[in-house]
Structures are given as structure tokens and as C-alpha cells.
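Heads up, the sequence shown is in the working numbering, so the first residue is 337 and it goes up one at a time. Step one of this worksheet: look at the structure below.
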Amino acid sequence: MSTRTSKAAIGVAAGLIALIVLAPPAAHAGIFGKKKPQPDFSASRPAPPPPPPANGSIYQASQGYAALHEGWRAKRVGDPLTITLVERTLASKSASSKLDSSGTAAIIPPSSGPFSFDPNSARAGGNRGFNGQGTADQSNTLQGELSVTVAEVYPNGTMLVQGAKRVTLNRGDEFVQIKGIVRMADVDADNRVPSTRVADAQIAYTG
Numbered sequence: 337m338s339t340r341t342s343k344a345a346i347g348v349a350a351g352l353i354a355l356i357v358l359a360p361p362a363a364h365a366g367i368f369g370k371k372k373p374q375p376d377f378s379a380s381r382p383a384p385p386p387p388p389p390a391n392g393s394i395y396q397a398s399q400g401y402a403a404l405h406e407g408w409r410a411k412r413v414g415d416p417l418t419i420t421l422v423e424r425t426l427a428s429k430s431a432s433s434k435l436d437s438s439g440t441a442a443i444i445p446p447s448s449g450p451f452s453f454d455p456n457s458a459r460a461g462g463n464r465g466f467n468g469q470g471t472a473d474q475s476n477t478l479q480g481e482l483s484v485t486v487a488e489v490y491p492n493g494t495m496l497v498q499g500a501k502r503v504t505l506n507r508g509d510e511f512v513q514i515k516g517i518v519r520m521a522d523v524d525a526d527n528r529v530p531s532t533r534v535a536d537a538q539i540a541y542t543g
């Protein structure tokens, strides 16, 4: 009987060891915790450069050469550029209402007989009035700078840019994310574009 018990115990132990070894590792929250930027706003990596042609030329575009009339403005996938945030929204709403009502009632008694009485003593009247006003104002301002990268380049001279910034402060984390379409012609000499020139912009701020 003891031999069977020992074999059963060994079998159970072997099964537990197999489960521990084969079980997938537990998912960890990561060094930044659970609060992370959305993956759609992650930086885009540049495509690997093609092998340079052996043509003996001094200037090779594949080695990062930029023409004098173009400068170093962002124009390829993975190139960084800076978005200047100058967002401001203002909304106002007001409403008013007024109600006036009045009513009177009078009894005209017989002028003679036992039921005659002074009509001034049997009058009733009422007035009711209401005035109400309401106003709601809301304004939001977002200023700052955010470096993004070119995710896609289109044939019509526009680019899809996206990026995110995370700032860890004493009391928590702040995220700024932006994604949208930028014209190459709107990129200035300092490689900057105001957020008002970003088409179909998706700007998110949390913190």
C-alpha cells in the first residue's frame, strides 16, 4: 500500500512541476505602470536605406545628402519635426425665460332681496411672474511644443505625422499626443509646424 501511495505522490509532484515549467510568465505592468500612451501615436522608425549604387559619385542621397534648396526639413518616413501647440477653444451659451400670468374672479350678487350684498367684498385676484437667466462659458488653451516623426509620405506632398510625449511630475504623469496630416510646404526653416496647420488633427492631453 505504501508503494502505491509513494508512486501517486511522485506522479502529482511531477504534474505540478510540469505545469510550473510550461506555464507562461505572468504579465507585468512594466516600469511605467498601466498608464501608457496609445500605440497609434508611437514614433515611426525610418526605413532601412537601400544599398548605395557603385557609380563612383561623391554625393550619395542614400548617405543623407540634402540639396541646398531643400535643407534638412522632414520629408521621409522617420524624420522628426516639431509641432508648436497653439490650440484654443471658446464656447458660450446663454438662455433666458420669462413668464407672467394674472387672473381675477368676481361675483355679481342680486341687486335686491335677502341675498343682496356689496360686490366689492367678494372679489379675488392673483398675479404670478417668473424671470430666469442662465449663462455657461467654457474656454480651453493648450500651448507647448511636441516633437513627432513622419509615419507616411503621400504623392501629393503631404505627410502623416504622429508622436507622443510623457512627462512624469511629482503628483502623476502627463501625456501629450498628436496625429495628423502636414504639408511639406508648411514646414519652416527650423523644421517646425504650428498645430493650426495640421489637418485632421487628433490632439490628446491627459494628466
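Beta carbons are placed, not taken as given, at the ideal position from N, Cα and C, and that holds for glycine.
Tell me where the beta strand (DSSP E) around residue i begins and ends.
i	result
residue 515	508-519
residue 541	535-542
residue 501	494-505
What is the rounded straight-line gap between the Cα of residue i and the Cα of residue j?
i	j	result
residue 424	residue 539	12 Å
residue 432	residue 465	14 Å
residue 467	residue 437	12 Å
residue 440	residue 470	32 Å
residue 524	residue 475	29 Å
residue 520	residue 408	12 Å
residue 494	residue 482	19 Å
residue 415	residue 532	20 Å
So if DSSP puts residue i in a beta bridge, which residue, or which two residues, is it bridged to?
i	result
residue 468	433
residue 473	428
residue 484	417
residue 529	419
residue 489	495
Does the Cβ-Cβ distance between residue i and residue j come in under 8 Å?
i	j	result
residue 421	residue 498	no
residue 517	residue 496	yes
residue 512	residue 500	yes
residue 426	residue 484	no
residue 547	residue 534	As displayed, the chain neither begins before 337 nor continues past 543, which places residue 547 out of reach and without an answer.
residue 429	residue 472	yes
residue 529	residue 522	yes
residue 492	residue 410	no
Would you say the beta carbon of residue i is closer than 7 Å to some non-hydrogen atom of the ligand COA?
i	result
residue 517	Ligands displayed in this structure: none; no statement on the ligand COA is therefore possible.
Cβ contact check for the region 496-512 and the region 459-475: 3 or more pairs under 8 Å = no
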